[in-house]
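> Sending over a structure as structure tokens; questions will come in a sec.
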Amino acid sequence: MTEPSNLPRRSPYRTLETAAFWDACAEGRLVVPRCDECGERFWYPRLVCPRCGSAAVTFVEVSGRGTVYARTIMRRGDGPFRDVAPYVLAFVQLDEGPTLMTNIVGADPEAVAIGQAVRVVFDPVADSADAVPRFTPVA
Amino acid sequence: MSLRGAAFIAGAYEHPLRSIPDRTVPQVHAEVAAGALADAGLTLADVDAYYCAGDAPGFGSLSMAEYLGLRCRTYDSTETGGSSYLVHVGHAAMAIATGHASVALVTLAGLPRHGGARPGGSGRNPTAPEAEFENLWGSSVVGNYALAASRHMYEFGTTSEQLAEIKVAASLHAQHNPHALLRDVVTVAEVVGSPLVADPLHRLDCCVITDGGGALVVVSPEVAASLSRPCVKLLGHGEAMKGGDGGRVDLTYTGARWSGAAAFAEAGVTPGDIDYASIYDSFTITVLITLEDLGFCAKGEGGRFVQDGRLVAPHGGLPFNTDGGGLCNNHPANRGGMTKVIEAVRQLRGEAHPAVQVPDCQLAVAHGTGGALSTRHLSATLVLGVADA
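As they're listed, the protein sequences go chains A and B.
Position in the first sequence counted from 1, then plus 730, gives you my numbering.
Position in the second sequence counted from 1, then plus 9, gives you my numbering.
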């Protein structure tokens, strides 16, 4: 188990469309929505397929492995992130397809590079079962 | 039906101040409305269509129309962030072309230096369906643009020095604008030596934050013919949204690829015909990617394209943002689309500062990017020309 990061976390704002995603995170599982009609695995979680318009969507577990697609070192953050800079904001393309925004943690920000292999880690939210998914370089 | 020649910009006004501690946002809307109408030689009583966006307080165009005392036939509160005002010009032309308007007023105002909304605006609204999948990770406006810059550098070898050339060109123009917030000429070394905000973007890669506003008056050909001021002809309009594409993220291009193609096709001209370009410059990277997507150079060539003073007026190959742009002059209400149109109007009227006026300027493009490059944005392009273009 990886050490939690120093980045802020809170219980996510759940909607009827996103609860299944956050519930899976609380169990330490990364899931993405998959369209039952066209098979597209997409991002962000919603109950309508942005590829074909179908409302038949199922959340499916993914490996949690991916590749850094883009990254920036945030030298100053807003709100709860004000005091934790520098931190890495990134897009990670999952091995199963979709690309999502996240943080890269557990690494020197300067050493995080596009193309680097990463895996999901879950930052637990205090006094809650919730967890925020982030990514860390594969050792 | 085409919008080519369907409408003319008869009035344009940019608020001269960059810090306004003593007025409300509605007051500034009223000031710029009066300024643009006076420029056109028209009055509030002539206005029969009104357009405003998310910077206007209250219930969209309803609140401001009542505040201003307007009685219109068409009201439009289309909100696409900083590109809204280019969208409004296109929509005004549609209303005029179909007989639903003859004099359209577009206003923008905001006071971010005095308690108004900070950058990000409605895009950070937690009830937006995408918001929680960005806010939880400490996303920010500059961070989102920096992500696009990082990918462009990775794929095409674009450098910070090349991005800096864009700021340098803007500063060379701003030195001539007495209203510009930043009038000092800067060098590439100063840009890349300024503090990093979100790698690879430095402080001097970012636009200014200013109070202020601007307004436009868009009229029918018949009204234009009755006015004494030179009117600018709308030749083409395009709008396009580009978002995360359901997770198929590609940060190397923007919606300008589609909005520009539509606008140029409607105008019947090509990028090579353009004499002057107003390009939304929230950040230097915004300009570089947009120039590629509008077709001024090939994809990936933007870094080389902006070198060697190509963007510098009056004699560069493609003079851009001759008012100093958002990078140096003005970014009122964190929304740069309005001032892009205003400077294009100045150029086509031959009323830009003499030091940056493009000789015999016949055709211009104005482009806006509302939202953020790496998450979702709405690109809007106008092709504009002199009255007989």
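Every residue, glycine too, gets a C-beta built ideally from N, C-alpha and C.
#1: Could you check whether residue 255 of chain B and residue 757 of chain A sit closer than 8 Å to each other, using their CB atoms as the reference points?
#2: Among all the DSSP beta bridges, which residues are the ones paired with residue 761 of chain A?
#3: Please list the partners that residue 159 of chain B has in chain A, where partner means a Cβ-to-Cβ separation under 8 Å.
#4: For residue 10 of chain B, does the three-state DSSP call read helix, strand or coil?
#5: Counting only beta-carbon atoms, is residue 217 of chain B nearer than 8 Å to chain A?
#6: Could you compute how far the alpha carbon of residue 353 of chain B sits from the alpha carbon of residue 284 of chain B?
#7: List the residues of chain B whose Cβ lies closer than 7 Å to the Cβ of residue 808 of chain A, in chain order.
#8: With a cut-off of 8 Å, does the C-beta of residue 142 of chain B fall near any C-beta of chain A?
#9: Residue ranges of each alpha helix (DSSP H) run of no fewer than 4 residues wholly in the region 92-168 of chain B, ordered along the chain?
#10: Indicate whether at least one CB of chain B lies closer than 8 Å to the CB of residue 770 of chain A.
#11: Look up residue 29 of chain B in the DSSP assignment and say whether it is helix, strand or coil.
#12: Use the C-beta contact count for residue 828 of chain A: other C-beta atoms within 10 angstroms, 16 or more gives buried, fewer gives exposed.
#13: Taking the continuous alpha helix (DSSP H) assigned at residue 69 of chain B, which residues delimit it?
#14: I'd like to check one pair, residue 398 of chain B with residue 244 of chain B: are the Cβ atoms closer than 8 Å?
#15: Just curious, the alpha helix (DSSP H) that residue 854 of chain A is in, first and last residue?
#16: Using a C-beta cutoff of 8 Å, does residue 742 of chain A count as contacting chain B?
#17: Listed from N- to C-terminal order along the chain, which residues in the region 258-283 of chain B have their beta-carbon within a distance smaller than 8 Å of any beta-carbon of chain A?
#18: Kindly indicate if chain B contains any beta-carbon less than 8 Å away from that of residue 828 of chain A.
#19: By the DSSP assignment, the beta strand (DSSP E) with residue 85 of chain B in it spans what residues?
#20: What beta strand (DSSP E) runs, 3 residues minimum, are completely inside the region 250-317 of chain B?
#21: What three-state label does DSSP hand residue 330 of chain B in the structure shown?
#22: Could you please give the first and the last residue of the uninterrupted beta strand (DSSP E) stretch that includes residue 376 of chain B?
#23: Classify residue 25 of chain B as buried or exposed, calling it buried when 16 or more other Cβ atoms lie within 10 Å of its own Cβ.
#24: Relative to the alpha-carbon of residue 63 of chain B, which residue among B/300, B/87, B/348 and B/161 has its alpha-carbon at the smallest distance?
#25: Name the DSSP bridge partner or partners of residue 389 of chain B?
#26: Any chance you could list the beta strand (DSSP E) runs of at least 3 consecutive residues sitting entirely within the region 156-241 of chain B, in chain order?
#27: Quick check: the region 353-372 of chain B against the region 304-323 of chain B, are at least 3 beta-carbon pairs closer than 8 Å?
#28: Check residue 41 of chain B in the structure and name its three-state DSSP category.
#29: Would residue 132 of chain B be called buried (16 or more neighbouring beta carbons within 10 Å of its own) or exposed?
#30: Quick one: what does DSSP say residue 839 of chain A is sitting in, helix, strand or coil?
In short:
#1: Not closer than 8 Å, so no.
#2: A/791
#3: 800, 801, 802 and 844
#4: In this structure, residue 10 of chain B counts as coil in the three-state DSSP scheme.
#5: Residue-level contact check: residue 217 of chain B does not touch chain A, since none of the beta carbons of chain A fall below 8 Å from its beta carbon.
#6: 10 Å
#7: Correct list: 149.
#8: Yes, residue 142 of chain B counts as interfacial toward chain A.
#9: 93-106, 141-144 and 150-165
#10: yes
#11: coil
#12: Answer is buried; the Cβ neighbour count reaches 16.
#13: 69-77
#14: The answer is yes: Cβ separation under 8 Å.
#15: Unbroken run through residue 854 of chain A is the beta strand (DSSP E), 847-854; no alpha helix (DSSP H).
#16: Residue contact with chain B for residue 742 of chain A: present (Cβ-Cβ distance below 8 Å to some residue of chain B).
#17: Residues passing the 8 Å Cβ filter: 258 and 260.
#18: yes
#19: Here the beta strand (DSSP E) through residue 85 of chain B covers 83-85.
#20: 285-288
#21: In the three-state scheme derived from DSSP, where H, G and I count as helix and E and B as strand, residue 330 of chain B is classed as coil.
#22: 372-380
#23: In summary, residue 25 of chain B is exposed, with fewer than 16 beta-carbon neighbours lying within 10 Å of its beta-carbon over all protein chains present.
#24: Cα-wise, what sits closest to residue 63 of chain B is B/87.
#25: Partner(s): B/248 and B/377.
#26: 205-207 and 221-228
#27: yes
#28: helix
#29: In this prediction, residue 132 of chain B has a pLDDT of 47, which is less than 50 and means its spatial position is unreliable; nothing more can be read from the coordinates.
#30: helix
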